[in-house]
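Everything on this sheet refers to the single structure shown next.
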Amino acid sequence: DFAPPQAVLDATDDAIAQGHTTYTAVSGTAGLRDEICAHLQTRKGTTYAPDEILLANGAKQAVYQGVLAACSPGDEVSSGPAC
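When we follow the working numbering, the leftmost residue of the sequence shown carries the number 495, and every step to the right adds one.
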């Protein structure tokens, strides 16, 4: 284990002081989605609206959310073995 960088500790203190102590929506905060859009425009020259950006805390969640969005109750879904 290692100690986090001081900038991370300071940002954590600031977030706690501002009351950012609960989970956010699965889609991410509006401010973060705005920043991602700006970053993609600057870095890659691509334009997205914030409502086209979704966040996930890992690949499993992203795949799960995608399946939930694409399938309806009663749909039959099958998957192959993991690679």
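Ideal Cβ positions, reconstructed from N, Cα and C, are used throughout, including at glycine.
Cβ shell of residue i (< 8 angstroms), same chain only, five flanking positions each side left out
i              : result
isoleucine 510 : none
alanine 501    : none
C-alpha gap between residue i and residue j, whole angstroms
i             : j              : result
aspartate 507 : histidine 514  : 10 angstroms
valine 561    : glycine 574    : 14 angstroms
leucine 549   : serine 521     : 5 angstroms
threonine 540 : isoleucine 547 : 12 angstroms
glycine 568   : leucine 534    : 38 angstroms
tyrosine 558  : glycine 552    : 10 angstroms
lysine 554    : alanine 576    : 12 angstroms
alanine 524   : alanine 532    : 12 angstroms
Opening and closing residue of the alpha helix (DSSP H) in which residue i lies
i             : result
histidine 514 : Run containing histidine 514: none; DSSP gives neither H nor E here.
valine 557    : 553-564
aspartate 528 : 524-538
Residues near residue i in its chain [Cβ-Cβ closer than 7 angstroms; skip 5 each side]
i              : result
cysteine 565   : Val571
isoleucine 530 : Ile547
Beta-carbon contacts of residue i that lie in its chain and below 6 angstroms, excluding the five residues immediately before and after
i           : result
alanine 556 : Ala550
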